[in-house]
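So the protein lines, in turn, are chains A and B. If you're matching positions, the first sequence starts at 17 in the numbering used here and goes up one per residue. If you're matching positions, the second sequence starts at 3 in the numbering used here and goes up one per residue. For every residue, glycine included, the Cβ atom is placed at its ideal position computed from N, Cα and C. Have a look at the structure below, then the notes.
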Amino acid sequence: NAGVMQNPRHLVRRRGQEARLRCSPMKGHSHVYWYRQLPEEGLKFMVYLQKENIIDESGMPKERFSAEFPKEGPSILRIQQVVRGDSAAYFCASSPQRGDTQYFGPGTRLTVL
Amino acid sequence: KNEVEQSPQNLTAQEGEFITINCSYSVGISALHWLQQHPGGGIVSLFMLSSGKKKHGRLIATINIQEKHSSLHITASHPRDSAVYICAVFYNTDKLIFGTGTRLQVFP
């Protein structure tokens with residue numbers, strides 16, 4: 017059973033470009049969570065999704081950030097018009113049920129030049 | 003004040019020592035995670051617990067819901083235990099709120 021997959025592992029973007037981060041949950045997991053870790057800071061919750069639904073997006077910046085988890089395919093975290101402050105590690109986690117143990121992917125390290 | 007506080011922030015130990023990392027939280031929770039983040043950045047879930055005590059190998063985690071406190075113990079520490087240990091609490095069952103982590107270095 018493969019673990020949580022994230023790609024790309026490293027992403028470099030110039031200011032103003034778009035970044036798309038992908039997360040494939042573990043098989044049988046329908047709950048996906050995105051977290052951000054800024055340099056030298058702790059992890060922060062961004063958004064919680066279940067298939068085709070956003071359950072809690074209270075940690076998402078109001079502008080430029082969006083997330084989806086379609087019926088088929090991976091969950092996508094999209095950052096439009098990236099700025100230097102978006103440089104961070106973005107982790108995805110999945111769980112089989114709400115409130116269950118979360119299993120983390122390896123993360124995507126975004127660098128904005 | 004952070005909702006989840008960990009202590010100490012940094013910890014060094016000699017191989018073989020008994021390690022304790024503490025976590026206190028101020029919100030009502032349904033469960034608590036202990037996570038390990040290696041220097042490469044990957045995050046591994048060590049324990050999820052909502053009461054009592056759990057043990058896995060040399061790792062032991064305890065939680066006291068009334069006192070809002072949890073501890074992670076490592077017995078017979080080894081250099082490969084060197085990592086950042088993160089306490090995270092389930093808030094409203096939806097999301098994790100993380101402590102700032104404890105950086106552990108174990109020297110041979």
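Rounded to the nearest whole angstrom, the C-alpha separation of L51(B) and N94(B) is 15 Å. Inclusion of I23(B) and L74(B) in the CB contact set at 8 Å is warranted, their separation being smaller than that value. The Cβ of K97(B) sits closer than 8 Å to at least one Cβ of chain A.
In the three-state scheme derived from DSSP, where H, G and I count as helix and E and B as strand, G32(A) is classed as coil.
Taken atom to atom, the span from the alpha-carbon of K70(B) to that of S26(B) is near 6 Å. Using a CB distance cut-off of 8 Å, Q118(A) counts as an interface residue toward chain B. At least one C-beta of chain B is nearer than 8 Å to the C-beta of G115(A). Sixteen is the threshold: when 16 or more other Cβ atoms of the shown chains lie within 10 Å of the Cβ of R52(A), as they do, the residue is buried. Put simply, of V86(B), I67(B), D96(B), S9(B) the residue whose alpha carbon is nearest the alpha carbon of G115(A) is D96(B). Nearest Cα to M21(A) within the set E79(A), Q96(A), A109(A), D102(A): A109(A). Under the Cβ distance rule, I71(A) counts among the residues neighbouring chain B, one pair being separated by less than 8 Å. The Cβ atoms of V28(A) and T127(A) lie closer than 8 Å to each other.
Boundaries of the beta strand (DSSP E) harbouring E7(B): 6-9, taken from the DSSP string.
Secondary-structure assignment with DSSP links D116(A) through no beta bridge to anything.
Residues of the same chain with a CB within less than 6 Å of the CB of R105(B), apart from the 5 flanking positions on each side, are N12, V86 in chain order.
In this chain, the beta strand (DSSP E) harbouring S110(A) covers 104-111.
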